[in-house]
Amino acid sequence: MTVARLPRALVLAVAALGLSACAGAAATEPTASSPAAEAASAPTEITVTTATGDVTLPADPQRIVVFEHGILDTIDALGEGDRVVAIPHQGIPDYLAGYAESTENAGTLFEPDYEAVNAAEPDLIIVGGRSSATLEEMEQIAPTVDLSFEWGTDAFLATLERNAEALDTILGLDGAATAAVAGFEADAAAIAEDAASAGTGLVVLTTGGKINAFGPSEEGRFDFVYGLFGITPAAEQVAIDSHGDAISYEFLAETDADMLIVLDRDAAIGAEGESAQALLDNELVNGTSAAQNDAIAYVDTQKWYLAFGGLTALDGISEEIGALVAS
């Protein structure tokens, strides 16, 4: 039997088509570094450590409701604010006021508007501090985490670092929040070296015409001033109530701190009342070492009181304490 041979030109043409097809197939296969491969390998779930323990969540949430001003501060500082779709507009610090225009109003920290939260269709809800009691209700709407900050120097630092790691994971960042916290701690350590020779200090808060003081305590709201920034306490016997221990002008005169850190709570929350400067402008206070040495710091209470724990707030606190210690 005679086998018919194909013309050489036709054989070459068929072979070329085959090679072209193989090359095309190879070109469409995703490489290890291509966007398609990265998307295929991206985790669908993440696990973060929170105030209530380890929590597993859907990865890469794009719509986040935030009920903790310090956490909102950090999300903003990290450049991820576009993910925030709803917050409590009441009591938001002035430097974060833009979010009251770009997000839905979710009620207040103590009394959330659950319908508004649900309508925002969040992928994730973050509560903490004043809103932590709403955790179970929020979990009925969407995955929820409690990123509260604790008081007392050691507990505060532990929760600050924990929350930074959680936000790095939630936002898919390569350790940016954790690095910023490390920078804050380094700044505080440097200030503490100067504080060792700066004399004694006391944290004072004014509210409703009254004066309260905060001394060092393992559970104290402003214990970090002493335990982290190294300021020598002018008074040891101050209570640890969340608003401090009520004191008199005579107490300030007798304690005679070299430095006073003064917070005006009424101004921070927009309440009417006599200002901290007016309350402390009297003969007894003006005769103290702090007043005589121009070492009374009227600090940004919104950062110290409303958004405490946020990266921007902490930077501001470091600057204020550093300037006071150096004065």
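Mapping of the sequence shown onto mature numbering (1 follows the signal peptide of the UniProt record, and there is no 0): residues -25 to -1, 1 to 302, in sequence order.
Cβ coordinates follow ideal geometry from the N, Cα and C atoms, glycine included.
Cα-Cα, which of the options is closest to residue i?
i      : options                           : result
Ser264 : Phe283, Thr230, Val274 and Glu247 : Thr230
Ala221 : Gly195, Thr207, Ala209 and Ile186 : Ile186
Ala75  : Thr276, Pro97 and Val40           : Val40
Asn93  : Glu86, Ala81 and Ile101           : Ala81
Thr134 : Val23, Thr276, Ser302 and Ala209  : Val23
Asp123 : Thr25, Ser223, Asn268 and Leu255  : One detail in the question is off: residue 123 reads as Ser in this sequence, not Asp. The shortest C-alpha separation from Ser123 is found at Thr25.
Ala170 : Asp269, Asp35, Gly297 and Arg196  : Gly297
Val30  : Ser107, Ala288, Thr119 and Ala173 : Thr119
Ile116 : Ala95, Asp57 and Glu225           : Ala95
Gly219 : Ser77, Gly245, Gly195 and Ala246  : Gly195
Asp275 : Gln267, Leu289, Gly176 and Asp269 : Leu289
Asp233 : Gly248, Ala270 and Gly104         : Ala270
Thr34  : Asp88, Ile62, Leu142 and Glu114   : The sequence shown places Ala at residue 34, rather than the Thr named in the question. Residue Leu142 is the option with its Cα nearest to Ala34.
Glu295 : Ile206, Glu247 and Gly245         : Ile206
Leu32  : Ser106, Gly147 and Phe197         : Gly147
Pro208 : Phe226, Thr175, Lys278 and Gly54  : Thr175
Leu235 : Ser302, Gln277 and Asn138         : Ser302
Glu114 : Thr27, Phe159 and Phe226          : Thr27
Leu254 : Gln277, Lys278 and Leu227         : Leu227
Ile50  : Ala108, Glu112, Ala151 and Tyr89  : Ala151
Phe279 : Glu136, Ser192, Phe197 and Ala266 : The sequence shown places Trp at residue 279, not Phe. Taking only the C-alpha atoms, the option nearest Trp279 is Phe197.
Leu284 : Glu193, Ala165, Gln267 and Asn138 : This sequence places Gly at residue 284; Leu is not what is there. Of the candidates Glu193, Ala165, Gln267 and Asn138, the one whose C-alpha sits nearest the C-alpha of Gly284 is Asn138.
Please look up how many angstroms separate the CB atoms of residue i and residue j, rounded, as I've assumed it's under 8 Å.
i      : j      : result
Ile145 : Leu203 : Not confirmed; about 26 Å, so no contact.
Ala52  : Leu286 : 4 Å
Glu79  : Val60  : 6 Å
Leu299 : Ala243 : About 19 Å; that fails the 8 Å criterion.
Tyr224 : Ala251 : Going by Cβ atoms, the distance from Tyr224 to Ala251 rounds to 13 Å, so no, they are not a contact pair.
Ser293 : Ala163 : 6 Å
Pro87  : Arg38  : Rounded, the Cβ-Cβ distance is 16 Å, inconsistent with contact.
Ala210 : Gly190 : 5 Å
Asp121 : Leu110 : 5 Å
Gly245 : Gly184 : Rounded, the Cβ-Cβ distance is 16 Å, inconsistent with contact.
Arg105 : Leu84  : 4 Å
Tyr89  : Glu55  : About 24 Å separates the two Cβ atoms, so there is no contact after all.
According to DSSP, is residue i helix, strand or coil?
i        : result
Ile206   : coil
Val92    : helix
Gly28    : strand
Ala251   : helix
Phe199   : helix
Thr181   : strand
Glu295   : helix
Val23    : strand
Glu258   : helix
Cys(-4)  : Legend: pLDDT at Cys(-4) = 45, less than 50; position of this residue unreliable, value from coordinates given subsequently. Cys(-4): helix per DSSP, three-state reduction.
Thr276   : helix
Glu79    : strand
Thr263   : coil
Ala188   : strand
Leu(-14) : The pLDDT assigned to Leu(-14) is 39, lower than 50, so where the model puts this residue is not dependable; a value taken from the coordinates is nonetheless given after this. In the structure shown, Leu(-14) sits in a helix (DSSP, three-state: H, G or I).
Answer yes or no: the CB of residue i versus the heavy atoms of the ligand SAM, is any distance below 7 Å?
i     : result
Val60 : The model on display carries no ligand, and the ligand SAM is accordingly not part of it.
Counting only beta-carbon atoms, is residue i nearer than 8 Å to chain B?
i      : result
Arg137 : No chain B appears in this structure, which consists of one protein chain only.
Three or more C-beta pairs under 8 Å: does that hold for the region 236 to 244 against the region 179 to 198? yes
Three or more beta-carbon pairs under 8 Å between the region 155 to 163 and the region 65 to 73, yes or no? no
Kindly provide the ranges of any alpha helix (DSSP H) runs that are 4 or more residues long and lie completely inside the region 96 to 170, ordered along the chain. 110 to 114, 128 to 146 and 151 to 170
Does the structure place the region 68 to 88 close enough to the region 44 to 59 that three or more beta carbon pairs sit under 8 Å? yes
Under 8 Å, with one C-beta from each stretch per pair, do the region 196 to 210 and the region 121 to 139 reach the 3-pair mark? yes
4 or more residues per run - each alpha helix (DSSP H) lying fully within the region 32 to 69: 44 to 52
On the three-pair Cβ rule with 8 Å, is the region 255 to 269 touching the region 16 to 27? no
Quick one: complete alpha helix (DSSP H) runs, 4+ long, within the region 221 to 252? 224 to 230 and 240 to 244
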